[in-house]
Each structure stands twice: as C-alpha cells, then as structure tokens.
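**Student:** Before I ask anything, here is the structure I am working with.
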Amino acid sequence: MNPDANDVAAEHGGGRCPVDHTAKPAETTVIPSSQVPGPSLGQREQLAQWAQNRTAFLNECKRLYGSKFKLGFVPGVEFFILTDPDEVKAVFQAPRTSLHCGTSNGALEKFFGHTGLAFLDEGEHLARRKALTRSFKGAAFNRITEAVEQITVDAVAQWPRDEDVDMHPLVHRWAMNVIREVVFGRVVPSNWPQLLDGLMDLLEINTYPTAMIMFDRWSPAKKRLMKRRPGTGVKDFWRNRPRVDALIAEAVAERLEVGELGNDMLSVLLGITHEDGTTLSGVELRDEIMTMFVAGTVTTVSAVCWSIEHFSRDPERLAKLRAEIAEGSSEYLTAAAHEVLRKNPPLPNNLARQVMEPIVIGNVRYEPGQLLVPSAELMNNDPERYPEPDEFRPERFLGVQPGQYTWIPFGGGHTRCMGDQIAIHEIRTMLRELVTNVDFERVEEDPAKAVPRGPVVVPQRGPRMVLRPRTAVAAGH
Ligand code: HEM
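Each residue of the sequence shown is one higher than the one before, starting from 1 at the first, in the UniProt record's numbering.
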C-alpha cells in the first residue's frame with residue numbers, strides 16, 4: 001500500500017499536508033463515449049468546416065459542447081478532442097498498451113515508412129527511444145547546439161539582402177542543415193548537397209492538399225491514375241522518393257566504409273540490434289533518418305517563420321528583444337520562443353492516440369479504435385489561461401515556465417518530442433542572429449493567414465520579407 005502523504009511529510013519533519021489525502025474522491029459516473037457531445041453535422045459538412053476555418057470550427061465546438069467533444073469528419077473514425085489539462089495528462093500518462101501513438105501517424109507513412117520511432121508502439125518504441133536518447137542528450141546535445149550557432153551564422157550571412165524573398169525555403173534549408181548535424185554529426189556525407197536538394201524537392205508535396213492523404217496505401221491502379229492527374233504533386237513525390245532513398249543508402253554505405261562512430265544518430269542506429277541479434281535493415285535506417293528530416297524540420301521552420309511574422313509586425317517588441325540581446329541577456333528571447341509555440345503550435349491537433357483497449361479518461365469510457373486528440377491549438381489559446389490569446393505577447397512567459405499539461409506544442413508522455421530542447425535552441429539562435437543583423441521590411445501589410453503545409457500550419461506566403469542589412473552601429477557591434 002502507498003504510504004499516506006501526511007505520514008511522508010511527518011517523517012521528513014514537515015508540517016501536515018493541507019490536503020486531506022484520506023478523503024474519498026467525489027463519485028463520478030462513467031459515461032460511454034457515445035454520450036460525449038459533438039456537432040450533429042454530417043461527415044462532409046464537418047470536413048468542409050474544418051477545411052474552411054479549422055480554428056473557428058474548433059473554438060465554436062468548444063463553446064457549444066465544453067472541454068471535450070466528438071468529431072466525425074473521416075468516415076468510420078471517431079475523434080475526441082480533449083482540452084481539460086487533467087484529461088490531457090491522463091492521455092499522456094496512459095499505459096503504452098492502452099493508447100497507441102504510432103498507429104495514428106498514417107498520413108506521414110509516405111515519408112517515414114512504418115519502422116521509424118514515430119510509428120513504433122509499446123516495447124519496440126521504448127527500446128528504440130531509449131537507444132536514440134544518446135544522440136539527443138549530454139555530449140550529443142552540446143555538439144548539436146554548438147553546431148546550430150555556426151550553421152545559423154552561415155545561413156543568415158548568405159540570405160539575400162534588399163530583395164523580396166519567401167522566408168520559408170530559406171529557413172527550411174537551414175533547419176535541414178541542423179538535422180544533418182543530428183543525424184550524421186561531424187562525418188558529413190559527401191553527397192549531402194544532393195541529399196539536401198532531394199529532401200527539399202520531396203517535401204514540396206506539403207504545398208499540395210494531397211499531402212495529408214495516405215496515398216501510399218492506394219491500389220497500384222489508383223496510383224497510376226493519380227500520377228497522371230496534374231496539380232496533386234503525387235507524380236513528383238514518387239519520382240523524388242526513390243532518389244532520396246538511394247542517396248540515404250549511399251550516405252549510410254559511406255559511413256560504414258569510413259567506420260567512424262560517435263554519438264550522432266546514424267552511429268547509434270548502426271549499433272542497435274534486434275532481439276534476434278540482427279542489426280537494423282536498410283529500410284529501418286532509412287525510415288528513422290527520414291523521421292528526423294521531416295519531424296525535425298517542418299515543425300521548427302513553422303515556428304521560426306511565425307517568429308519572423310510576429311516580430312516584423314511589432315516594432316516595440318522587436319526593439320525590446322534587441323535591447324535585451326545587446327545587454328547579453330536572453331530571458332525575453334526564451335519567452336518569445338515559448339510564446340510563438342503557444343500562439344502558433346506548428347502541429348495544432350496532431351497528438352492523436354488510438355485507443356487499443358477500453359480506457360476511462362475523465363468520466364468517459366473510450367473504446368478500441370477511437371482517437372483521442374489533445375488539442376494544442378485549443379489549450380494553448382484558452383482565454384482563461386492566456387488572456388487575449390490572439391495577441392503575440394512574450395511577456396506572458398517572463399519568469400514563467402510553460403505548464404506541462406497546459407502548453408503542449410511538443411506533446412507529452414512517452415512520445416513527447418525528442419527534439420524539444422534542440423528546437424527551442426534553434427528558434428532562439430535564429431531569432432537572435434536575424435534581429436541582430438537585419439531589419440525586416442514586410443512585403444505584405446496584412447498579417448499572414450495561417451495555412452496548412454502538410455502536417456504543420458505556417459504563415460501564408462512565407463512570410464515574404466525584404467531583409468535590410470542593419471548598420472554595424474545599429475547592430476551594436
Ligand atoms: C518547434 C519545433 C518542434 C515541434 C513543435 C515538435 C513537435 C512534436 C510533436 C507534437 C511530437 C509528437 C509528440 C507526442 O506524440 O506527444 C513530436 C515528436 C517527435 N519529434 Fe518533434 N517537434 C519539433 C522539433 C523537433 C526536432 C528539432 C526534432 C529532432 C531533432 C524532433 C524530433 C521528434 C521525434 C523523433 C519525435 C517522435 C517521438 C516519439 O515518437 O517518441 N522534433 N514533435
């Protein structure tokens with residue numbers, strides 16, 4: 001039996017805990033998930049509303065139905081959107097056998113295959129994640145964060161000045177170079193320029209609505225048909241994927257020849273053995289490497305682009321950020337990174353967990369096959385927690401750590417983003433380098449609309465900017 005909290009407090013010489021832990025929790029009636037409210041609109045209409053203005057649709061559902069509601073915009077799939085921090089915590093802490101994460105990542109299968117970390121569950125996920133931790137923490141983390149500084153200085157120095165540019169591809173190439181460091185470390189493959197171009201071409205599919213369709217699962221006949229259909233990006237995707245696969249295989253073969261192993265991800269992957277003693281296959285290596293190049297870039301790029309969007313529209317806060325940086329402090333910079341991830345979580349509603357065995361969360365019993373979705377978008381923008389949530393206001397996070405179950409851009413539990421600290425470092429480093437060296441001149445007056453780009457949400461058209469060089473005096477050199 002667990003010791004009573006009061007006994008523990010007394011044993012450690014503390015006063016009595018003000019909460020009576022012996023009190024029985026109030027009886028709650030467990031209801032079946034069929035009783036969770038939700039719009040009575042048909043599937044097509046829900047999908048149309050989601051596609052037309054997802055944020056408004058979700059906010060309206062929350063207003064009408066409360067902190068959790070049911071949506072059914074995909075035939076045969078019931079989504080339960082959750083926004084109560086206790087219920088979100090219960091989802092993140094649920095046993096691995098009750099809720100699966102991997103099985104609900106189908107739309108990304110076309111990039112990652114299904115043997116990478118994001119697709120694994122239960123024991124396989126645990127083992128892979130444990131092995132990979134060495135390439136994210138400790139000495140590896142220090143190596144990566146040091147490299148991010150140089151990669152960022154080099155990138156910003158090369159970005160065009162005094163011309164109208166779309167920031168997205170520039171930021172994306174920079175983020176790819178960071179993940180190159182995570183994956184390959186100091187032994188950069190000799191085909192990296194080709195691999196970088198191939199990855200950028202492959203991810204162009206994210207600019208089409210097709211990106212979130214599971215077209216990998218189409219029949220060969222449908223694949224042939226869709227390849228001929230213009231404006232879907234599918235043909236180019238299928239042309240680019242084997243090219244990228246071959247370049248990754250070449251890079252792996254080169255590493256095996258060089259034989260140098262360290263704490264980079266490829267080294268760690270090459271050292272993994274399955275229970276039967278076999279090492280990871282070429283497909284498994286590819287899937288894991290692709291997981292990093294997709295999961296670790298599209299998200300960070302979204303956050304950096306939103307940071308540029310917000311600061312380019314807010315001269316006062318930009319001046320405040322610059323003043324702080326000039327003083328050698330970084331509290332406001334960190335608060336800005338937290339705020340951008342609050343206001344514009346790159347993955348607004350992508351934390352789906354599939355119910356594998358009946359589970360009670362809150363007062364609801366969910367059934368196998370249903371999808372539980374903690375909504376980062378709704379939670380991070382709750383006006384009771386974050387007054388005037390539409391305002392970009394880094395001050396909210398000055399001296400305040402974001403809550404583990406109320407600020408969830410990185411998800412949570414055993415599948416919480418592995419690159420969260422790297423991502424925060426990237427956002428901070430890029431923001432600092434940019435605001436120190438350039439002035440932003442907006443090409444478009446109006447605030448950028450939030451538009452989907454594959455799994456993430458980004459500012460429409462980039463944002464587009466003219467980067468004006470700051471004079472040495474203005475930059476504080
Ligand atoms: C702002 C940037 C980023 C955001 C918002 C973000 C967000 C997320 C989210 C929401 C998840 C799913 C978490 C869950 O299911 O609970 C995830 C998973 C993951 N992310 Fe990130 N991510 C970012 C950057 C990165 C970076 C830079 C890397 C790699 C260096 C990375 C690697 C991963 C991996 C490997 C997973 C799968 C974890 C697992 O299944 O165990 N992410 N990320």
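In this text, a Cβ means the ideal position worked out from N, Cα and C, and glycines have one as well.
Could you check if G399 is buried or exposed, using at least 16 other CB atoms within 10 Å of its CB as the buried criterion?
**Tutor:** The residue labelled residue 399 in the question sits at position 399 within the sequence shown. Exposed, because fewer than 16 other Cβ atoms sit within 10 Å of the Cβ of G399.
**Student:** Quick one: what does DSSP say H414 is sitting in, helix, strand or coil?
**Tutor:** Numbered from its first residue, the sequence shown carries residue 414 at position 414. Helix at H414.
**Student:** Quick check: the stretch 282-296 against the stretch 247-266, are at least 3 beta-carbon pairs closer than 8 Å?
**Tutor:** yes
**Student:** In whole angstroms, what separates the C-alpha of W159 from that of H168?
**Tutor:** Taking the first residue of the sequence shown as 1, we reach residue 159 at position 159. Taking the first residue of the sequence shown as 1, we reach residue 168 at position 168. Going by the C-alpha atoms only, they are around 12 Å apart.
**Student:** By Cβ distance, which residues of its chain are closer than 6 Å to Q460, with the 5 residues on each side in sequence left out?
**Tutor:** Position 460 of the sequence shown, counted from the start, is the residue given in the question as residue 460. Within the same chain, Q460 has close Cβ partners A448, K449, V451.
**Student:** Are there any heavy atoms of the ligand HEM lying less than 7 Å away from the beta-carbon of V171, as far as the coordinates show?
**Tutor:** The residue labelled residue 171 in the question sits at position 171 within the sequence shown. No, the beta carbon of V171 sits no closer than 7 Å to any heavy atom of the ligand HEM.
**Student:** At 3 residues or longer, what runs of the beta strand (DSSP E) sit wholly inside the stretch 140-222?
**Tutor:** 164-166
**Student:** Taking DSSP's pairing of strands, which residues face R453 in a bridge?
**Tutor:** Walking along the sequence shown from the start, residue 453 turns up at place 453. Bridge partners of R453: V456.
**Student:** Considering only the alpha carbon of each residue, which of D166, G454, V435 lies closest to P469?
**Tutor:** Position 469 of the sequence shown holds residue 469. Among D166, G454, V435, the Cα nearest to that of P469 belongs to V435.
**Student:** Helix or strand or just coil, what does DSSP make of G72?
**Tutor:** One-based indexing of the sequence shown puts residue 72 at position 72. G72: strand per DSSP, three-state reduction.
**Student:** Using the C-alpha atoms, what's the distance from V304 back to M430?
**Tutor:** Locating residue 430 in the sequence shown gives position 430, where the first residue counts as 1. Locating residue 304 in the sequence shown gives position 304, where the first residue counts as 1. Going from the Cα of M430 to the Cα of V304 covers about 7 Å.
**Student:** Pull up the CB-CB distance for E181 and A147, whole angstroms please, since I reckon it's below 8 Å.
**Tutor:** Here residue 181 corresponds to residue number 181 of the sequence shown, with the count starting at 1. Here residue 147 corresponds to residue number 147 of the sequence shown, with the count starting at 1. At roughly 4 Å, the Cβ-Cβ gap stays under 8 Å, so E181 and A147 are in contact.
**Student:** State the beta-bridge partners of R464 as determined by DSSP.
**Tutor:** To locate residue 464, count along the sequence shown from 1; it is residue 464. R464 is bridged to D166.
**Student:** Among the candidates Y332, Q370, N350, whose CA atom is the shortest distance from the CA of K70?
**Tutor:** Your numbering for residue 70 matches position 70 in the sequence shown. Closest option to K70, Cα to Cα, is Q370.
**Student:** Can you find a heavy atom of the ligand HEM that lies under 7 Å from the Cβ of R416?
**Tutor:** Locating residue 416 in the sequence shown gives position 416, where the first residue counts as 1. Indeed, a heavy atom of the ligand HEM lies less than 7 Å from the Cβ.
**Student:** In the structure shown, what three-state DSSP assignment does I308 receive?
**Tutor:** Working through the sequence shown from its first residue, we reach residue 308 at position 308. Helix at I308.
**Student:** Please return the same chain residues whose Cβ sits closer than 7 Å to the Cβ of H425, not counting the five positions on each side in sequence.
**Tutor:** Start at 1 with the first residue of the sequence shown, and residue 425 comes out as number 425. Closer than 7 Å at the Cβ level, and outside the excluded window around H425, lie T145, V148.
**Student:** Out of H172, L261, T273, which has the shortest C-alpha to C-alpha gap to V183?
**Tutor:** In the sequence shown, residue 183 corresponds to position 183, counting from 1. For the residues H172, L261, T273, the minimum Cα distance to V183 belongs to L261.
**Student:** For F79, report the span of its beta strand (DSSP E) as first-last.
**Tutor:** For the purposes of this step, residue 79 is identified with residue 79 of the sequence shown, where counting begins at 1. 77-82 is the span of the beta strand (DSSP E), which, as asked, contains F79.
**Student:** On the DSSP bridge assignment, give the partners of L99 in chain order.
**Tutor:** Translated into positions along the sequence shown, residue 99 becomes position 99. Paired residues: V355.
**Student:** Can you check DSSP and say which residues form a bridge with R442?
**Tutor:** As a working note, residue 442 is residue 442 in the sequence shown. M465, per the DSSP bridge assignment.
**Student:** In terms of alpha-carbon separation, which member of W50, T28, L58, G72 lies closest to S40?
**Tutor:** The sequence position of residue 40 within the sequence shown is 40, counting from 1. Out of W50, T28, L58, G72, G72 has the C-alpha closest to the C-alpha of S40.
**Student:** Taking the alpha-carbon positions, what's the P463 to G123 distance?
**Tutor:** Indexing the sequence shown from 1 puts residue 463 at position 463. Indexing the sequence shown from 1 puts residue 123 at position 123. So the alpha carbons of these two residues sit roughly 42 Å apart.
**Student:** Can you find a heavy atom of the ligand HEM that lies under 7 Å from the Cβ of P402?
**Tutor:** Against the sequence shown, residue 402 aligns to sequence position 402. No; taking the cut-off as 7 Å, the Cβ of P402 has no heavy atom of the ligand HEM nearer than that.
**Student:** So, helix, strand or coil for A23, using DSSP?
**Tutor:** Indexing the sequence shown from 1 puts residue 23 at position 23. For A23, the predicted structure reports a pLDDT of 49, less than 50, and the residue's modelled location is therefore unreliable. The matter cannot be settled from this model.
**Student:** Output the distance between the C-alpha atoms of E60 and I408, rounded to the nearest integer angstrom.
**Tutor:** On the sequence shown, position 60 is the one that residue 60 refers to. On the sequence shown, position 408 is the one that residue 408 refers to. Taking the straight line joining both Cα atoms gives about 21 Å.
**Student:** Report buried or exposed for S190, applying the criterion of at least 16 other Cβ atoms within 10 angstroms of its Cβ.
**Tutor:** Residue numbering aside, residue 190 sits at position 190 when the sequence shown is read from its first letter. Label assigned to S190: exposed.
**Student:** Just to confirm, is the Cβ distance from V268 to L199 under 8 Å?
**Tutor:** The count along the sequence shown starts at 1 and reaches residue 268 at position 268. The count along the sequence shown starts at 1 and reaches residue 199 at position 199. No, the pair does not count as a contact, with Cβ atoms beyond the cut-off.
**Student:** Around the C-beta of R393, are 16 or more other C-beta atoms found within 10 angstroms, so that it is buried, or is it exposed?
**Tutor:** The count along the sequence shown starts at 1 and reaches residue 393 at position 393. Buried, because 16 or more other Cβ atoms sit within 10 Å of the Cβ of R393.
**Student:** Identify, in the order they occur along the chain, each residue of the same chain with its Cβ nearer than 7 Å to the Cβ of P32, setting aside the five sequence neighbours on each side.
**Tutor:** One-based indexing of the sequence shown puts residue 32 at position 32. Closer than 7 Å at Cβ, skipping near neighbours: R365.
**Student:** Only counting the same chain, and skipping five residues up and downstream in sequence, which positions put a Cβ closer than 7 Å to that of A221?
**Tutor:** Along the sequence shown, read from residue 1 onward, the residue named residue 221 stands at position 221. Once the five neighbours on either side are set aside, A221 has no close Cβ partner at all.
**Student:** Please determine whether the Cβ atom of V294 lies at a distance below 7 Å from any heavy atom of the ligand HEM.
**Tutor:** By 1-based counting over the sequence shown, the position of residue 294 is 294. No, the Cβ of V294 stays beyond 7 Å of every heavy atom of the ligand HEM.
**Student:** Assign P348 to one of two classes, buried (16 or more other C-beta atoms within 10 Å of its C-beta) or exposed (fewer than that).
**Tutor:** Sequence index remark: in the sequence shown, residue 348 carries index 348 (1-based). Buried is the call here.
**Student:** Quick test of the definition: if touching needs 3 or more C-beta pairs under 8 Å, does the stretch 333-340 touch the stretch 305-322?
**Tutor:** A contact exists between the stretch 333-340 and the stretch 305-322.
**Student:** Under 7 Å from any heavy atom of the ligand HEM, does the C-beta of R322 make it?
**Tutor:** Numbered from its first residue, the sequence shown carries residue 322 at position 322. R322: no, Cβ never under 7 Å from the ligand HEM.
**Student:** Provide the residue(s) that pair with P368 in DSSP beta bridges, ordered along the chain.
**Tutor:** Taking the first residue of the sequence shown as 1, we reach residue 368 at position 368. In the DSSP output, where bridge partners are listed per residue, P368 has none listed.
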